[in-house]
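Engineer: One structure, as structure tokens, below. Some questions next.
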Amino acid sequence: MLEKQIKRYLDDGQPRTPALKAFVEAVSEAYESADADRIMIERSLELMSQELTERNADLRSQLIERQRAEAQLEQLLSLIGTTLESTTDGIMALDKDGRLVRFNQRFVEMWRIPDDITAFWEHEQMIGCICTRLKHPENFLARIDYLCRHSGEESFNLLECLDGRLIEHYSLPQPLGVDTVGRVFSFRDITERKLSEEALHREKEEQQTLIKKLETAHNQLLQSEKMASIGQLAAGVAHEINNPIGYVSSNLGSLGQYMEKLIGVIEAYERAEPDLSASPLLEEIRSLKREAEWEYFRQDVRDLLKESAEGITRVKRIVQDLKDFSHVDQAEWPAPSTLSAAKSGTTRKWSGSTAPSRRWSAWLPSSTRCS
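In terms of our numbering, the sequence shown has 215 at position 207, counting the first letter as 1, and numbering is strictly consecutive.
Take a look at the structure:
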């Protein structure tokens, strides 16, 4: 190729010397060799460019997938973070060595941890700050130590705070495949719930007490209604008894007066007996007096009238007690305690002796005699 170029541009028609000819041939061979190397290099560069293009496409695809995965991971972490912050529970996460790796704002607020401690994630200081809020911090530390040594166990217990709060403490291991890589602690303030439960319990007891009072009042009302019915019956009985008793009492008074007059007349006749000594009528009178047991009759009839008057008086008192018991003059029925007292008094009145005198037994029919 070099020979052709020389002939084309430098050919003057004169023959070339052997040295020049040899030089031209050497240069031409070198040029052809270099041209072959160039072609091979260009081919290699072309192959390498194609390979790099394919590799760049693969890397670009991997980068897109990685960016997509990172975006999904970032979204997932954001979701987890938002979930942690939205819960009302305080959350604390520890790694497998028991070191603090995550917590939410509710955890900080619940345990009132200062900003200078939370800013640097000081594990010992945060745990120590929690301990200063507890009544029994040694139990809390012992529990954390135990759970770190028994990574697969769940845990639940209550923490009492110095300010009176009651915190539920729940712990769950964090698995990764078959391994446990950490532990999550949940803290829930149940003070308000506990107070509500206690208030509900007190209200329940008060309601039970009120129910018992209502039952007692209901029973008293039923008793009052029963006693009111009995009182109405007693009032009716008292009314029915009172009228004939008035007649009997009045008649007994009149009968007593008549008997005294009759006895006075008979005694006047007795004083006239000496004047009848020779008369057969005297013997007849004396015979009648003996048959009638006049001396006994004269005294006993007064006693009988006196006892009858006393009996009538007792019956009047009983009638009055029945009226008092029925409270016919009152607008409202009295309390059960008053009724009980009235009932007891009336019962005592009725329980007194009302049996007729034995000396009248012979005068009574056999069906009404008292034993």
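In this text, a Cβ means the ideal position worked out from N, Cα and C, and glycines have one as well.
Computed from a predicted model, the values in this text were never measured in an experiment.
Whether or not the segment 314 to 330 and the segment 243 to 255 are in contact is what I'm after, with contact meaning three or more pairs of Cβ atoms, one per stretch, closer than 8 Å; do they touch?
Structural biologist: They touch, by the three-pair rule.
Engineer: Go ahead and label residue 119 buried or exposed: buried means 16 or more other beta carbons lie within 10 angstroms of its beta carbon, across all protein chains shown.
Structural biologist: To locate residue 119, count along the sequence shown from 1; it is residue 111. With 16 or more Cβ atoms within 10 Å of its Cβ, residue 119 is classed as buried.
Engineer: Compute the minimum distance between the beta carbon of residue 58 and the heavy atoms of the ligand MN, and state whether it is under 7 Å.
Structural biologist: Inclusion of the ligand MN in the displayed structure is not the case, the ligand content being empty and no account of it being possible.
Engineer: Which ranges would you report for the beta strand (DSSP E) in the segment 176 to 254 if only whole runs of at least 3 residues count?
Structural biologist: Within the segment 176 to 254, the complete beta strand (DSSP E) runs of at least 3 residues are 187 to 197.
Engineer: Checking 8 Å against the spacing of the C-beta atoms, do residue 115 and residue 98 come in under that value?
Structural biologist: In the sequence shown, counting from the first residue as 1, residue 115 sits at position 107. In the sequence shown, counting from the first residue as 1, residue 98 sits at position 90. Yes, these two residues count as a Cβ contact at 8 Å.
Engineer: Touch check for the segment 162 to 170 and the segment 140 to 151: three-plus C-beta pairs under 8 Å?
Structural biologist: Yes, they touch.
Engineer: Compute the Euclidean distance between the alpha carbons of residue 64 and residue 45, then round it to the nearest angstrom.
Structural biologist: Taking the first residue of the sequence shown as 1, we reach residue 64 at position 56. Taking the first residue of the sequence shown as 1, we reach residue 45 at position 37. Straight-line Cα distance between these residues: approximately 27 Å.
Engineer: Who are residue 77's beta bridge partners in DSSP?
Structural biologist: Position 69 of the sequence shown, counting from 1, holds the residue named residue 77. None; residue 77 has no bridge partner.
Engineer: Taking the alpha-carbon of residue 311 as reference, which of 279, 29, 268 and 59 has the nearest alpha-carbon?
Structural biologist: As a working mapping, residue 311 is identified with position 303 in the sequence shown. Among 279, 29, 268 and 59, the Cα nearest to that of residue 311 is on 268.
Engineer: Helix or strand or just coil, what does DSSP make of residue 171?
Structural biologist: Here residue 171 is taken as the residue at index 163 of the sequence shown, counted from 1. Reduced to three states, the DSSP call for residue 171 is coil.
Engineer: Tell me the residue span of the alpha helix (DSSP H) that contains residue 148.
Structural biologist: The residue given as residue 148 occupies position 140 in the sequence shown. Per DSSP, residue 148 belongs to the alpha helix (DSSP H) from 145 to 157.
Engineer: Please state if the CB of residue 148 and the CB of residue 156 are separated by a distance shorter than 8 Å.
Structural biologist: Here the question's residue 156 lines up with position 148 in the sequence shown. Here the question's residue 148 lines up with position 140 in the sequence shown. Against a cut-off of 8 Å, the Cβ pair of residue 148 and residue 156 comes out as no contact.
Engineer: Tell whether a beta-carbon distance below 8 Å holds between residue 313 and residue 264.
Structural biologist: Position 305 of the sequence shown, counting from 1, holds the residue named residue 313. Position 256 of the sequence shown, counting from 1, holds the residue named residue 264. The answer is yes: Cβ separation under 8 Å.
Engineer: Do you know offhand how far residue 25's Cα is from residue 42's?
Structural biologist: As a position in the sequence shown, residue 25 is number 17, starting the count at 1. As a position in the sequence shown, residue 42 is number 34, starting the count at 1. Between residue 25 and residue 42, the C-alpha separation is close to 25 Å.
Engineer: Under a three-way DSSP split, which group does residue 42 fall into?
Structural biologist: Against the sequence shown, residue 42 aligns to sequence position 34. Helix, per DSSP.
Engineer: What three-state label does DSSP hand residue 64 in the structure shown?
Structural biologist: Residue 64 sits at position 56 when you count from the first residue of the sequence shown. Residue 64 falls in the helix class under three-state DSSP.
Engineer: Can you name the residues that DSSP bridges to residue 103?
Structural biologist: Taking the sequence shown and counting its residues from 1, one reaches residue 103 at position 95. DSSP output for residue 103 lists 190 as bridge partner(s).
Engineer: Applying the 10 Å Cβ sphere with the 16-neighbour rule, what's the burial state of residue 92?
Structural biologist: Taking the first residue of the sequence shown as position 1, residue 92 is located at position 84. Buried is the call here.
Engineer: Using the Cα positions of residue 245 and residue 321, report the straight-line distance between them to the nearest angstrom.
Structural biologist: Your numbering for residue 245 matches position 237 in the sequence shown. Your numbering for residue 321 matches position 313 in the sequence shown. Using only the alpha carbons, I get a separation of about 17 Å.
Engineer: In the structure shown, what three-state DSSP assignment does residue 128 receive?
Structural biologist: Counting from 1 along the sequence shown, the entry for residue 128 is found at position 120. Of the three classes helix, strand and coil, the one that applies to residue 128 here is coil, per DSSP.
Engineer: Judging by CA-CA distance, which residue of 117, 306 and 154 is the nearest neighbour of residue 273?
Structural biologist: As a first step, residue 273 is located in the sequence shown; it is residue number 265 there, counting from the start. Cα-wise, what sits closest to residue 273 is 306.
Engineer: Would you check if the distance between the CB atom of residue 103 and the CB atom of residue 189 is smaller than 8 Å?
Structural biologist: The residue given as residue 103 occupies position 95 in the sequence shown. The residue given as residue 189 occupies position 181 in the sequence shown. Taking 8 Å as the Cβ cut-off, residue 103 and residue 189 qualify as a contacting pair.
Engineer: Once you ignore the five residues that flank residue 309 on each side, which residues in its own chain have a CB closer than 8 Å to its CB?
Structural biologist: For the purposes of this step, residue 309 is taken as the residue at position 301 of the sequence shown. Taken in chain order, the residues that qualify are 267 and 271.
Engineer: Using alpha carbons as the reference points, say which of 219, 302 and 196 lies closest to residue 177.
Structural biologist: Along the sequence shown, one-based indexing puts residue 177 at 169. Minimum Cα distance to residue 177 is reached at 196.
Engineer: With a threshold of 16 other CB atoms inside 10 Å of the CB of residue 358, please say whether the residue is buried or exposed.
Structural biologist: In the sequence shown, the residue the question calls residue 358 occupies position 350. Residue confidence is low: residue 358 scores 44 on pLDDT, short of 50, so the model does not pin down where it sits. Its coordinate-derived value is still stated next. It counts as exposed.
Engineer: If you run the structure through DSSP and keep just helix, strand and coil, what is residue 259?
Structural biologist: Locating residue 259 in the sequence shown gives position 251, where the first residue counts as 1. Residue 259: helix per DSSP, three-state reduction.
Engineer: What are the uninterrupted segments assigned as alpha helix (DSSP H) that are 4 or more residues long and contained completely in the segment 260 to 316, given in chain order?
Structural biologist: You should have 288 to 300.
Engineer: For the alpha helix (DSSP H) that contains residue 114, what are its first and last residues?
Structural biologist: Walking along the sequence shown from the start, residue 114 turns up at place 106. Unbroken alpha helix (DSSP H) run through residue 114: 113 to 119.
Engineer: Comparing C-alpha positions only, which one of 86, 174, 256 and 224 sits nearest to residue 318?
Structural biologist: On the sequence shown, position 310 is the one that residue 318 refers to. Closest option to residue 318, Cα to Cα, is 256.
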